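Engineer:
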Ligand SMILES: Nc1ncnc2c1ncn2[C@@H]1O[C@H](COP(=O)(O)OP(=O)(O)OP(=O)(O)O)[C@@H](O)[C@H]1O
Ligand SMILES: [Mg+2]
């Protein structure tokens, strides 16, 4: 080729804005979701105005009830734990280009398995029983969502539909088990498994009214980030997610990657179920299907499937959940109001996804040589 | 909406004069087109030449309204014609035929034509439309069968249909972006012959992007040459030699001398025995009875595309499960796993790298690291695997290979999809050809490359052979096969039907086997 055929390597330019180039693309990943979130709030404010309520009051109440006091923070944080796990169950498969939205199924089944194991292990000390229960919950979730990945890879079944339908099956299965074979005869109004003995319950973080699940969930987020950003497995998953054919030509074990990542996501969702039973409810029952799995989808999309970004987003959404009861009662709003807010935000987020790369401001070239 | 469009449509009939004035296109700080002014006289076939990344595709995308030029205008029939989007370009009578096909394979030719109309009625009166189509076809200098599904048409027929579609839509200025890259030389000659006749008849004006000088000399009237976004030469084809055009494209650069072949083939490296797999349609089988590639040997597989080369490549890369038979490398069974590929130093490059060998949204450096990201060091032969990713090293290696293979990109962090077609090919070649390679399986390696890059890549392949690499080369370009191979095989209808030492090969015999006229047929 031409001798003077110069490659445009970085550093060719003399502009002082050069150092901004690598920041530009990152900034896009923060600014766009935040803008979308604000746009979602604004749209929801219009909705409130239509109902004749004051948006200012609404957001102020949400703030107070979710983040205003130490008490509300604890309330928020204990809801954040399952949300963090549920969001990881979306973000991990997303690395492979899979949209898995059925984490709810893995949560309820993981919780049911925990409850059932608790019955079998009654009498064992916590150091033995709790890890076994956690393992049981995680494995159940891993099998459930791993099956979605396997169906996708080996049978070509759409993972989004499969996981969603399997979530309904999972909930039905949980209801069948806690109302039938696993039911504690003493649970009259609300069919449940037998209450866990004290020794098999997860305690609180010292000095807080928040269970240990929060710490574990935060650690899992960090470890997941390390896995997908800093290890060759995560990179291999990105290749497979970016182009399956290229991954196959490179000899990468695409099937194992898909099943492995979906199963790991499922294991996290199963852990959410474990903590709901072992730390919050004390037994497995229909309250497990509280919609954490679905909120997790919203969180993962808002966080652009980045496990570290999931942390603040999950805490924000947990604050909404924590405040919803109070806000709806105080302002005399229908029960589904927070759901409407979540839906509006979700739609705006999806729309904002089409805007990436549209703004010159965020193009690294914009800040390079001229 | 439609009424407004129609109002702007110039009176039908007659080739258009089109001119770009000071067309400039910047992507951020990078200038892909710099003040390009080209006048294309009505009724001429104008060739646009330029090395990879010169800005050819960018120029025509600006003309068609896919990109908004940073400055400069488009003039159509002597009047300024702003094109904000492709619909406006269409309304002006401008149309484009792409390198890849845009027809709907499951629909018939007739259906494809009718649905492509912007004013296609909601409810289509097929009897009337068919009559109108037949009347239209009767006026055309060449035709294609209207009633067959497009998937049943050969590549040449499809390309003819693409051009007919443009004429049917009333386009009077056609842009062809590497229109013959999917065709055999005979098909290319036929299609371009028809295009040229339409130009001479004053029906259309054509701007054609190509890398093939032969086509320029045989069919074009005028030529313009781009280099790094600038117009660096223009002239009448009759006045220009190939050497002159090449010099305009490359500036002062000189071509590397073609690599000499030395050394003789050694041990068998790749052996394919009785390998059978279903083809794409699932109705027929690809069956390779006995194929051996030795160290220090290039085995070329010639054939018209669609005769099983793609499937065979997938069999070799482990993407297509075998029904029976198997493959061996160095005498042991081979399944194309990553471990085997690294231990045995096997590299593969399928055709259409952006679709088959890249993750388009990942960066250039990341795509270049596909072979080495999970190994210590540069991921050479038998390198120990590494769990942790070394991002700094990945970037450094990316920069070194980008420089070494002269990949033109704004930065190694740019997504690989933003590179020009030829530069994607170079980036992937940089990945697959670096380090020790014992077996290289490669398909159409020079697809879409400019002539200088072609000669450089062929030199690298020959150098690998001389160093003892076993090379299996599949190509639709007979010249390439004959230049590089030690042995030539012909693949037709999913089978190897002919084999000859390259020194004894002659084009007519190869051609007739490629076309399926081999003696005795196959079982
Ligand atoms: N959307 C884009 N964003 C950034 N840079 C781009 C974009 N499109 C093209 N470029 C750059 O502009 C230059 C010209 O690209 P173009 O596709 O026009 O080349 P070309 O002449 O068609 O080359 P080839 O023969 O390889 O197809 C290239 O360096 C390419 O990287
Ligand atoms: Mg191009």
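Chains as they are written, first to last, in the numbering used here: chain A, 4 to 373; chain B, 902 to 1424.
Quick reminder that beta carbons are idealized off the backbone N, C-alpha and C, glycines included.
Model, not experiment: these values are computed from the prediction.
(1) To the nearest angstrom, how far is it from the Cα of residue 1098 (chain B) to the Cα of residue 1395 (chain B)?
(2) Counting Cβ pairs, one atom from each stretch, are 3 or more of them under 8 Å apart for the stretch 1248-1261 of chain B and the stretch 255-268 of chain A?
(3) If you count every other CB in all the chains shown that lies within 10 Å of the CB of residue 980 (chain B), and 16 or more means buried, which is it?
(4) Is DSSP giving residue 924 (chain B) helix, strand or coil here?
(5) Cβ of residue 995 (chain B) within 8 Å of Cβ of residue 1074 (chain B)?
(6) Using the C-alpha atoms, what's the distance from residue 1091 (chain B) back to residue 1117 (chain B)?
(7) Once the 5 residues before and after residue 1386 (chain B) are set aside, which same chain residues still bring their CB inside 6 Å of it?
(8) Output needed for residue 1422 (chain B): all residues of its chain with C-beta closer than 8 Å, excluding positions within five of it in sequence on either side, in chain order.
(9) When DSSP builds the beta bridges, which residues end up paired with residue 857 (chain B)?
(10) What's the call for residue 357 (chain A), buried or exposed, on a 16-neighbour Cβ count within 10 Å?
(11) Can you list, in chain order, the residues of the stretch 950-963 of chain B whose Cβ is nearer than 8 Å to any Cβ on chain A?
(12) What does the shell around ligand 2 hold, if a residue joins when its beta-carbon is under 6 Å from any heavy atom?
(13) Got a sec: which bits of the stretch 1257-1290 of chain B sit with their beta carbon under 9 Å from any beta carbon on chain A, in order along the chain?
(14) Would you say residue 158 (chain A) faces chain B, with C-beta separation under 8 Å as the test?
(15) Could you check if residue 953 (chain B) belongs to the surroundings of ligand 1, using beta carbon to heavy atom distance under 7 Å?
(16) By DSSP, does residue 1398 (chain B) sit in helix, in strand, or in coil?
(17) Given that residue 989 (chain B) touches chain A, what residues does it touch there, using C-beta distances under 9 Å?
(18) Curious, which full-length beta strand (DSSP E) runs of at least 3 residues does the stretch 995-1019 of chain B contain?
(19) Is there a Cβ of chain A sitting closer than 8 Å to that of residue 1251 (chain B), yes or no?
(20) Are the stretch 1308-1315 of chain B and the stretch 1264-1275 of chain B touching by the rule of at least three beta carbon pairs closer than 8 Å?
(21) Residues of chain A with a CB under 8 Å from the CB of residue 1165 (chain B): which are they?
(22) Is residue 165 (chain A) close to chain D, meaning its C-beta is less than 8 Å from at least one C-beta of that chain?
(23) Spatial neighbours of residue 9 (chain A) within its chain, please: CB distance less than 7 Å, with the 5 preceding and 5 following residues excluded, ordered by chain position.
(24) Measuring only the C-alpha atoms, how far is residue 211 (chain A) from residue 157 (chain A)?
(25) Please name the residue, chosen from A:92, A:69, A:91, that lies closest to residue 81 (chain A) on a Cα-to-Cα basis.
(26) Would a C-beta distance cut-off of 8 Å place residue 1 (chain A) and residue 298 (chain A) closer than the cut-off?
(27) Keeping to the same chain, check which residues put their C-beta closer than 7 Å to that of residue 1409 (chain B); ignore five residues upstream and five downstream.
(28) Drop a sphere of 10 angstroms on the beta-carbon of residue 123 (chain A), count the other beta-carbons inside from all chains shown, and report buried for 16 or more, exposed for fewer.
(29) What is the residue span of the alpha helix (DSSP H) that residue 1090 (chain B) lies within?
(30) Hey, would you say the C-beta of residue 1310 (chain B) is under 7 Å away from at least one heavy atom of ligand 1?
(31) By alpha-carbon positions, which one of B:923, B:1010, B:1257 ends up nearest to residue 976 (chain B)?
(32) Could you please give the first and the last residue of the uninterrupted alpha helix (DSSP H) stretch that includes residue 264 (chain A)?
(33) Under 8 Å, with one C-beta from each stretch per pair, do the stretch 1098-1111 of chain B and the stretch 1010-1030 of chain B reach the 3-pair mark?
(34) Using Cβ-Cβ distances below 9 Å, what residues of the stretch 237-255 of chain A are close to chain B?
(35) From the DSSP output, in three-state form, read off residue 1059 (chain B) for me.
(36) Mind the definition here: the stretch 1321-1341 of chain B touches the stretch 1126-1138 of chain B only if three or more C-beta pairs lie below 8 Å; say whether that holds.
Structural biologist: Concretely, from the data shown:
(1) Between the C-alpha atoms of residue 1098 (chain B) and residue 1395 (chain B) there is a straight-line separation of about 36 Å.
(2) Of all C-beta pairs linking the stretch 1248-1261 of chain B to the stretch 255-268 of chain A, fewer than three are shorter than 8 Å, placing the two stretches out of contact.
(3) For residue 980 (chain B), the number of other beta carbons within 10 angstroms of its own is below 16, and it is reported as exposed.
(4) Note: residue 924 (chain B) maps to strand in three-state DSSP.
(5) Their beta carbons are under 8 Å apart, which means residue 995 (chain B) touches residue 1074 (chain B) by this criterion.
(6) Spanning the two alpha carbons is a distance of roughly 14 Å.
(7) Within the same chain, 1199, 1201, 1403 come within 6 Å of residue 1386 (chain B) by CB-CB distance, once the 5 residues on both sides are set aside.
(8) Because residue 1422 (chain B) carries a pLDDT of 39, less than 50, the predicted location of this residue cannot be relied on, and the following value inherits that uncertainty. Answer for residue 1422 (chain B): no residue qualifies.
(9) Residue 857 (chain B) lies beyond the residue range present for chain B, which begins at 902 and ends at 1424; the question has no answer from this structure.
(10) Sixteen is the threshold: since fewer than 16 other Cβ atoms of the shown chains lie within 10 Å of the Cβ of residue 357 (chain A), the residue is exposed.
(11) Cβ contacts with chain A come from 952.
(12) A distance filter of 6 Å between CB atoms and the heavy atoms of ligand 2 selects the following residues in sequence order: B:957, B:958, B:1321, B:1322.
(13) If the cut-off is 9 Å between Cβ atoms, the stretch 1257-1290 of chain B has 1257, 1258, 1259, 1260, 1261, 1262, 1263, 1267, 1268, 1270, 1271, 1272, 1274, 1275, 1276, 1286, 1287, 1288, 1289, 1290 near chain A.
(14) No, residue 158 (chain A) lies away from the interface with chain B (no Cβ there is under 8 Å from its Cβ).
(15) Yes - ligand 1 has a heavy atom lying nearer than 7 Å to the Cβ of residue 953 (chain B).
(16) In the structure shown, residue 1398 (chain B) adopts extended strand secondary structure according to DSSP, grouped into three states.
(17) Against chain A, a Cβ distance below 9 Å from residue 989 (chain B) picks out nothing, because the smallest value is about 21 Å.
(18) Taking only runs of at least 3 residues, the beta strand (DSSP E) segments lying wholly in the stretch 995-1019 of chain B are 995-998.
(19) Yes, residue 1251 (chain B) counts as interfacial toward chain A.
(20) The stretch 1308-1315 of chain B, when compared against the stretch 1264-1275 of chain B, does touch it at the 8 Å Cβ threshold.
(21) Here the premise fails: no neighbours, minimum Cβ distance about 31 Å.
(22) Absent from the structure: chain D. Protein chains present are A and B.
(23) In this prediction, residue 9 (chain A) has a pLDDT of 35, which is less than 50 and means its spatial position is unreliable; what the coordinates show is noted afterwards. If we look at residue 9 (chain A) and ignore the five residues flanking it on each side, it has no Cβ neighbours.
(24) Cα to Cα, the separation comes out at about 46 Å.
(25) Among A:92, A:69, A:91, the Cα nearest to that of residue 81 (chain A) is on A:69.
(26) Given a span of 4 to 373 for chain A in the structure shown, any question on residue 1 (chain A) remains unanswerable.
(27) For residue 1409 (chain B), where only same-chain residues beyond five positions count, there are no Cβ hits under 7 Å.
(28) With fewer than 16 other Cβ atoms within 10 Å, it is exposed.
(29) Looking at the DSSP string, the run of the alpha helix (DSSP H) that includes residue 1090 (chain B) is 1086-1101.
(30) Because some heavy atom of ligand 1 lies under 7 Å away, the Cβ of residue 1310 (chain B) counts as near it: yes.
(31) Taking the Cα of residue 976 (chain B) as reference, the smallest distance to any Cα among B:923, B:1010, B:1257 is reached at B:923.
(32) DSSP places residue 264 (chain A) inside the alpha helix (DSSP H), whose first and last residues are 257-278.
(33) By the Cβ test, the stretch 1098-1111 of chain B is not in contact with the stretch 1010-1030 of chain B, since fewer than three Cβ pairs between them sit closer than 8 Å.
(34) Contact annotation: in the stretch 237-255 of chain A, residues whose CB is within less than 9 Å of a CB in chain B are 237, 238, 239, 241, 242, 243, 244, 245, 246, 248, 249, 250, 251, 252, 253, 254, 255.
(35) Looking at residue 1059 (chain B) - three-state DSSP - the assignment turns out to be helix.
(36) No contact exists between the stretch 1321-1341 of chain B and the stretch 1126-1138 of chain B.
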